[in-house]
Amino acid sequence: MDFPVTLVVSVAALVMILLLAGAARRLLGVRFGAIRTFLAGLLAFTLSAPLLSPILNSFPRTPAGETPADPGIGAVWVLLLVAMCVVLIPMVLLVLAEALVPPGSIPGPLELARSMRGRISRARRYSQITRIAIRHGLGPYLRGRGARIEDRTGRRRLAASLRQALDDGGVTFVKLGQVLSTRRDLLPAEFVEELGLLQDRVAPAPWEQIEPVLTAELGGPPESVFAEFDRTPLAAASIAQVHAARLRSGESVVVKVRRPGIDRVVARDLDIVRRLAATLETRTRWGRSLGVRELAEGFAVALREELDFRVEAANMAAVIASRSAGASSGGWSGGSSGASPAAGESPAFGTSPAAGASPAFGAFPASGLAGVPGANGTSSGGVAVMYPAPVPSLCGENVLVMERLTGRPLAAADDGALGLERARALLDCLLRQVLVEGVFHADPHPGNLMLLDDGTLALLDFGSVGRLDASVRSALQRFLLAMNRQDPVAVTDALLEVMPRPEDVDEPALERALGQFMARHLVPGSVSVQMFTDLFRIVSGHGLSVPPEVAAVFRALATLEGTLQRLAPGFDLVGEARAFAGRHLSERLDAGTVKETVVQEVATLLPMLRRLPRRMERIASAAEHGRLGVNVRLLADDRDRRFLTGLLHQVLLTVLGATAGLMAAMLLGLEGGPRVTPAISLFQLIGYNLLVISGILVLRVLIVVFRRPRDIRP
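Here my numbering is used: the first residue of the sequence shown is 2, the next is one more, and so on.
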């Protein structure tokens, strides 16, 4: 066969394959991938000859040299049946492929080639993590075969092994352990205490790696942007390190620089964390009870935000702006200009090592940077809680520039009345953020708190910030006020406003549980950690789902309890929170506030009240004359109509397919009848056609069963 003939045959074969694939996809009414459809058409074209040869061989052959007889109209119908059977082959193949190999279960060749390097890297990391877990005795727990440990000593031993394994795992797993150490509502106390020992300190990256990051983010060398820049880092962590600098306007700042290449490391490890969480939730009982997949997803989102310093800068600005708004409206009394150094001193990033201080960031004098003051007012007893202010013009994805302060770590806090006042000030600050301002620090652990030289406190590291809208804040205020009054009915109502209300919630049982909860915990000296655990148990036991923003509030309060105990051992969180409700929330319900609220509500309802008498008169008149009726429109929603139409469509196809198949079986079983060909009668021909039609209809139904609804054509 010469080349032109080969080319013509090849083109004809390709056209036939494309026609088969297009006809199969059209008859099924489903969108398939181009490669899958082409392979089904190619395989159908290959199988068509051996599968259909018995039908073609039923036609009588004309001996050589004789004139072929007229086959008649019956042969045309047989050829039509053959064509339908050929089209049926790729339809069957596509449905089988959909059932056995759904789209997305196997990556395409291009995707497979692209991801091969990542798969190899992830496999190495899997092997490394597995060796670390086995080395620390965690292998049986990863396989879901670990023994249940009931005694405190065994839990401490397991918690220590988990901490050591996370510490060896690197930056992502250290961060994961730090996040888990704040989940007192989920983890036993032994794990919380042990994971709280994880430290995120590493050797600083060399200047040759840091300088290109600074130059690219600042638009030039650091020396051209700052009046002074210290190349020796003040502190280093696994994600970033900080350097001291001075702006050209004279203010001292600290520059937080992300380590180069850390985003690739974190992205790889986060993918592994999500896969491990999915495995643990599927194979282990404790993984399902804790919901580790959801925890891993929340951790991944938080860590990705922490890698982007623009998020932290925006969070800092939002907290300062909300505090400024509260102060201007009278919600925050007093004011201290900030943490200013003593006479003769220049601002420094922490005190000398001899004083026992560690580096930190902090607030700045009221002049502020970029017009944003660092002062945030005073709290109870005159103790201020400060926030650091960023320099927006110098902040980017990889660099964060903020004010610098002098101070000491929280571990250097003194005891006595001053420590108690600082604890009250910190609690007052966080409760105001949650209940009044709506923007709150979501991770107030001791490492994020600084004691400034003038005795004030500073909240640091705003990578994790929660936000609450006005309706949630109002419901939380009512919840706290009702807790203060120990009113279980009001507490239940406020709780059901904060959380989505299930249709089958047992409100009387919930009221009794909350009443017992308050009788147990709202007493002096109660343990707040156990209180939060019991509250979460009541919420989950009654089928209530906690929204993420509300869960962040409870986690922040549970984390704050440990910080307050560091400031003032024996601090009564429950009593002080109730006192806060009595001092600050009750005052919002004075006569003037209530009068203003009533006036606003009446003004909103006034148009409705004007129309109400006329509408009531119409209803009464219609009822009096027997004309009152109710008009209900069934299936008014277009989504309901589409659903019902689709359901009826599938039922109709199923009935038609079954009917056609039954009729085909009956016709194929009949003897005799007019002959279309010597081997096929008219009854058989009609039966075969009905059988093919039945197959097409059944395949259309099956493809809907195997394919997700979003992939079906409307």
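From the three backbone atoms N, C-alpha and C, an ideal C-beta is built for every residue, glycine too.
In chain order, what residues of the same chain have a beta carbon less than 8 Å from the beta carbon of P5, not counting five sequence neighbours either side?
Within the same chain, P5 has no close Cβ partners at all.
Give every residue of the same chain whose Cβ lies closer than 8 Å to the Cβ of D231, excluding the five residues on either side of it in the sequence, and list them in chain order.
Result list for D231: H244, A245 and A246, in chain order.
In whole angstroms, what is the alpha-carbon distance linking V392 and C430?
Cα-Cα distance, rounded: 23 Å.
With a threshold of 16 other CB atoms inside 10 Å of the CB of G378, please say whether the residue is buried or exposed.
Legend: pLDDT at G378 = 43, less than 50; position of this residue unreliable, no value from coordinates given.
Below 6 Å CB to CB, which residues in the same chain sit around E218 once its five sequence neighbours on both sides are set aside?
Answer for E218: G397, N399 and V400, listed in chain order.
Count Cβ pairs between the region 252-259 and the region 157-164 that sit closer than 8 Å; are there 3 or more?
They do not touch, by the three-pair rule.
Tell me which residues share the same chain as F39 and place their Cβ nearer than 8 Å to its Cβ, disregarding the 5 neighbours each side in the sequence.
So the list reads I18, L19 and A22, once near-sequence residues are dropped.
Since A246 is in the beta strand (DSSP E), which residue starts that stretch and which ends it?
A241 to R247 is the extent of the beta strand (DSSP E) around A246.
Using the DSSP secondary-structure output, state which residues sit across from V254 in a beta bridge.
A246 and E404, per the DSSP bridge assignment.
What would DSSP say about A268, mapped onto helix, strand or coil?
DSSP places A268 in helix when its eight states are reduced to three.
For G658, which of V693, G674 and D641 has the nearest alpha-carbon?
Cα-wise, what sits closest to G658 is V693.
Between F300 and L561, what straight-line distance do the alpha-carbon atoms span, to the nearest angstrom?
Their backbone Cα atoms lie some 19 Å apart in a straight line.
My guess is that P104 and G34 are in contact by the Cβ rule of under 8 Å, so how many angstroms apart are they, rounded?
So it is a contact: roughly 6 Å between Cβ atoms.
For the region 460-515, list the beta strand (DSSP E) runs that are entirely contained and at least 3 residues long, ordered along the chain.
If we require 3 residues or more, the beta strand (DSSP E) runs fully inside the region 460-515 come out as 466-468.
Run the CB neighbour count on A624, radius 10 Å, all protein chains shown included, and call it buried at 16 or more, exposed below.
Classification for A624: exposed.
For R479, I'd like the list of residues in its chain whose CB is within less than 6 Å of its CB, leaving aside the five on either flank, ordered along the chain.
Cβ neighbours of R479 beyond the five flanking positions: A495.
What residue range is occupied by the uninterrupted beta strand (DSSP E) comprising F300?
Element bounds for F300: not the beta strand (DSSP E) but the alpha helix (DSSP H), V293 to L308.
Given a cut-off of 7 Å, decide if V312 and T173 are closer than it, judged by their beta-carbon atoms.
Going by C-beta atoms, T173 is not nearer than 7 Å to V312.
Specify the secondary structure class of F39 as computed by DSSP and reduced to three states.
F39 falls in the helix class under three-state DSSP.
Which residues share a DSSP beta bridge with G518?
The sequence shown places Phe at residue 518, rather than the Gly named in the question. Note: F518 sits in no beta bridge, so no partner.
Looking at L686: is its Cβ nearer than 7 Å to the Cβ of P675?
Contact flag unset, no.
Using the three-state DSSP reduction, which class does F227 fall into: helix, strand or coil?
In the structure shown, F227 sits in coil (DSSP, three-state: anything other than H, G, I, E or B).
Could you check whether the region 627-643 touches the region 655-674, counting it as contact only if at least three pairs of C-beta atoms, one from each stretch, sit closer than 8 Å?
No contact exists between the region 627-643 and the region 655-674.
Tell me which residues share the same chain as F707 and place their Cβ nearer than 6 Å to its Cβ, disregarding the 5 neighbours each side in the sequence.
Answer for F707: E99 and A100, listed in chain order.
Classify G23 as helix, strand or coil using the three-state DSSP reduction.
Here G23 sits in helix by DSSP.
Which residue's Cα is closest to the Cα of R120: H137, Q179, V226 and D272?
Among H137, Q179, V226 and D272, the Cα nearest to that of R120 is on D272.
By the DSSP assignment, the beta strand (DSSP E) with L450 in it spans what residues?
Here the beta strand (DSSP E) through L450 covers L450 to L453.
Which of helix, strand or coil does DSSP assign to H626?
Of the three classes helix, strand and coil, the one that applies to H626 here is coil, per DSSP.
How long is the line joining the alpha carbons of A491 and Q517, rounded to whole angstroms?
The alpha-carbon atoms of A491 and Q517 are separated by roughly 14 Å.
Should L458 and L432 be called a contact, given that it needs their Cβ atoms to be closer than 7 Å?
No.
What do you get for L606, buried or exposed, if any count of 16 or more other CB atoms within 10 angstroms of its CB means buried?
It is exposed - the Cβ of L606 has fewer than 16 other Cβ atoms within 10 Å.
Are G420 and D454 close, meaning C-beta to C-beta below 7 Å?
Contact: no.
Do you know how far the Cα of G138 is from the Cα of Q129?
Roughly 14 Å separates the two Cα atoms.
Can you tell me which of A204, P205, Q179 and A206 puts its alpha carbon nearest to the alpha carbon of V193?
Nearest of A204, P205, Q179 and A206 to V193, Cα basis: Q179.
Leaving out five residues before and five after R269 in sequence, what residues of the same chain have Cβ atoms less than 8 Å from its Cβ?
Once the five neighbours on either side are set aside, the close Cβ partners of R269 are G119, S122, R123 and R126.
Taking all protein chains shown into account, do 16 or more other C-beta atoms lie within 10 angstroms of the C-beta of A228, making it buried, or fewer, making it exposed?
Counting Cβ neighbours within 10 Å, A228 comes out exposed, since fewer than 16 surround it.
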